[in-house]
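Residue numbers (the numbering used here): 5 to 246.
Printed below as a string of structure tokens:
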């Protein structure tokens, strides 16, 4: 029997003319299949221009809402909002391509309940399978976060697991810093500032080989990782200065 207590929330955007996006879409499909096998509810906000993407996903997810032309942040807020509306007690905000993460959901949610955390930031045991360039930049990002916030968390992993009671930190965030990747970090900073209980647990995670192979030597992706690091460190710094 499916439990609605835990719901995975995600937003998707793929360009089917782009090879890397086609690979990422296949990984998203695997993520949804993995959730389905484990009877985990999923909410997907699908923001791609091509309706073919929605058609590929609609039978794999519990709730799919197609909404073109919205920001990454708004897509993720909408996913969280609909997960909460569907009765989630614990919400997992997940990058849709992280198919290998699904096996760790029970471990993480059990830990959150046992330790009575408000939010869990999963920590990778290692960077197995990651492109070296990406590994290097993400470690720098995590170190910057630690120096600014005085908390040691794997923020660049991207996954957030939290009780419905603290969903408002994400839902009330208006995207002041651009409404991109900041949706993952600024709400956590504000929760920490207000003394919410934020913890971490280590998990095994392997970066998808198909994604690594197409990204590792691609200048477009190298620049994207640099842009992401610059964008997020700027957001974190400015939020801390408030």
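Even for Gly, the Cβ is constructed at its ideal location relative to N, Cα and C.
With a 10 Å radius around its C-beta and 16 neighbouring C-beta atoms as the bar for buried, classify residue i as buried or exposed.
{"i": "residue 224", "result": "exposed"}
{"i": "residue 42", "result": "exposed"}
{"i": "residue 79", "result": "buried"}
{"i": "residue 7", "result": "At residue 7, the pLDDT of 49 sits below 50, so the modelled position is not reliable; the number obtained from the coordinates is stated separately. By the neighbour-count rule (16 or more Cβ atoms within 10 Å), residue 7 is not buried but exposed."}
{"i": "residue 167", "result": "buried"}
{"i": "residue 38", "result": "buried"}
{"i": "residue 130", "result": "exposed"}
{"i": "residue 145", "result": "buried"}
{"i": "residue 88", "result": "buried"}
{"i": "residue 50", "result": "buried"}
{"i": "residue 5", "result": "The predicted model places residue 5 with a pLDDT of 35, which falls under 50 and marks its position as unreliable, so this point remains unresolved."}
Under the three-state reduction of DSSP, which class applies to residue i: helix, strand or coil?
{"i": "residue 203", "result": "strand"}
{"i": "residue 45", "result": "strand"}
{"i": "residue 236", "result": "helix"}
{"i": "residue 83", "result": "helix"}
{"i": "residue 15", "result": "strand"}
{"i": "residue 50", "result": "strand"}
{"i": "residue 223", "result": "helix"}
{"i": "residue 210", "result": "coil"}
{"i": "residue 68", "result": "strand"}
{"i": "residue 21", "result": "coil"}
{"i": "residue 95", "result": "strand"}
{"i": "residue 174", "result": "helix"}
{"i": "residue 167", "result": "strand"}
{"i": "residue 127", "result": "strand"}
{"i": "residue 74", "result": "coil"}
{"i": "residue 9", "result": "strand"}
Please report the Cβ distance between residue i and residue j, rounded to the nearest whole angstrom; I am assuming they are in contact, meaning their Cβ atoms lie under 8 Å.
{"i": "residue 240", "j": "residue 160", "result": "Not a contact, Cβ separation roughly 11 Å."}
{"i": "residue 64", "j": "residue 212", "result": "At roughly 17 Å, the Cβ-Cβ gap does not stay under 8 Å, so residue 64 and residue 212 are not in contact."}
{"i": "residue 69", "j": "residue 86", "result": "7 Å"}
{"i": "residue 29", "j": "residue 60", "result": "7 Å"}
{"i": "residue 214", "j": "residue 27", "result": "5 Å"}
{"i": "residue 231", "j": "residue 137", "result": "Going by Cβ atoms, the distance from residue 231 to residue 137 rounds to 13 Å, so no, they are not a contact pair."}
Is the separation between the beta-carbon of residue i and that of residue j shorter than 8 Å?
{"i": "residue 96", "j": "residue 109", "result": "yes"}
{"i": "residue 102", "j": "residue 46", "result": "no"}
{"i": "residue 84", "j": "residue 195", "result": "no"}
{"i": "residue 100", "j": "residue 193", "result": "no"}
{"i": "residue 113", "j": "residue 10", "result": "yes"}
{"i": "residue 163", "j": "residue 126", "result": "yes"}
{"i": "residue 185", "j": "residue 226", "result": "no"}
{"i": "residue 18", "j": "residue 57", "result": "yes"}
{"i": "residue 207", "j": "residue 111", "result": "yes"}
{"i": "residue 33", "j": "residue 12", "result": "no"}
{"i": "residue 90", "j": "residue 106", "result": "no"}
Is there a Cβ of chain D sitting closer than 8 Å to that of residue i, yes or no?
{"i": "residue 76", "result": "Going by chain labels, chain D is absent from the structure shown, which holds only one protein chain."}
Output needed for residue i: all residues of its chain with C-beta closer than 6 Å, excluding positions within five of it in sequence on either side, in chain order.
{"i": "residue 141", "result": "229, 233"}
{"i": "residue 244", "result": "152"}
{"i": "residue 104", "result": "209, 210"}
{"i": "residue 77", "result": "179, 183, 187"}
{"i": "residue 93", "result": "9, 168"}
{"i": "residue 242", "result": "none"}
{"i": "residue 181", "result": "239"}
Within a Cβ cutoff of 8 Å, which residues of the same chain sit near residue i, ignoring the five residues on either side of it in sequence?
{"i": "residue 81", "result": "174, 175, 177, 187"}
{"i": "residue 216", "result": "133, 134, 135"}
{"i": "residue 122", "result": "166, 167, 169, 170, 195, 200, 201, 202"}
{"i": "residue 23", "result": "218"}
{"i": "residue 158", "result": "125, 126, 127, 128, 146, 204"}
{"i": "residue 72", "result": "51, 52, 53"}
In chain order, what residues of the same chain have a beta carbon less than 7 Å from the beta carbon of residue i, not counting five sequence neighbours either side?
{"i": "residue 54", "result": "20"}
{"i": "residue 40", "result": "64"}
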